[in-house]
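One structure is given here, and the rest of the page talks about it.
Numbering (the working numbering), first residue to last: 55 to 177.
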């Protein structure tokens, strides 16, 4: 978030929302002791869609960078005069990534996904 231009105060607010949650579970109709999670968002949390979109922006840029560097090929769609190159499609929580089915591109795609996993952590 810092690299995207968000201020330190806003980042601290978001981290507080994520890391301050505590939960209890009903076991046979009785609540257990409260416990905290180490990471992650709660379902139906109002900030979840915003953070999801921010993380997808990072993912989109990573895929586009890999496509521009020709590490992952794109799908070309169009006719003689206009061609549209598509590297990926995002819809709600579904992602489709287009690339050739050769081993080198699969390795490159796996590297992109591993890097995304590494940079999307909140540590």
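No residue lacks a Cβ here, since even glycine has one placed at the ideal position from N, Cα and C.
Owing to the predicted nature of the structure, the values given are computational and were not obtained by experimental measurement.
Separation of residue 132 and residue 66 (C-alpha to C-alpha, rounded to the nearest whole angstrom) is 46 Å.
Distance check between residue 169 and each of 142, 98, 124, 115 places 115 closest, using alpha-carbon atoms only.
Residue 149 is bridged by DSSP to 144.
The shortest CA-to-CA distance from residue 57 to any of 111, 161, 72 is the one to 111. By the Cβ criterion, the region 152-161 is not in contact with the region 97-107, since fewer than three pairs of Cβ atoms, one from each stretch, lie closer than 8 Å.
If you check the CB distance, residue 162 and residue 126 come in under 7 Å. The C-alpha of residue 172 is placed about 20 Å away from the C-alpha of residue 123. Distances from the CA of residue 102 to each of 164, 68, 130, 62 were compared; the closest alpha carbon is that of 68. Between residue 88 and residue 81, the C-beta gap is not smaller than 7 Å, which leaves the two residues out of contact. By the neighbour-count definition (other C-beta atoms within 10 Å, threshold 16), residue 106 is an exposed residue.
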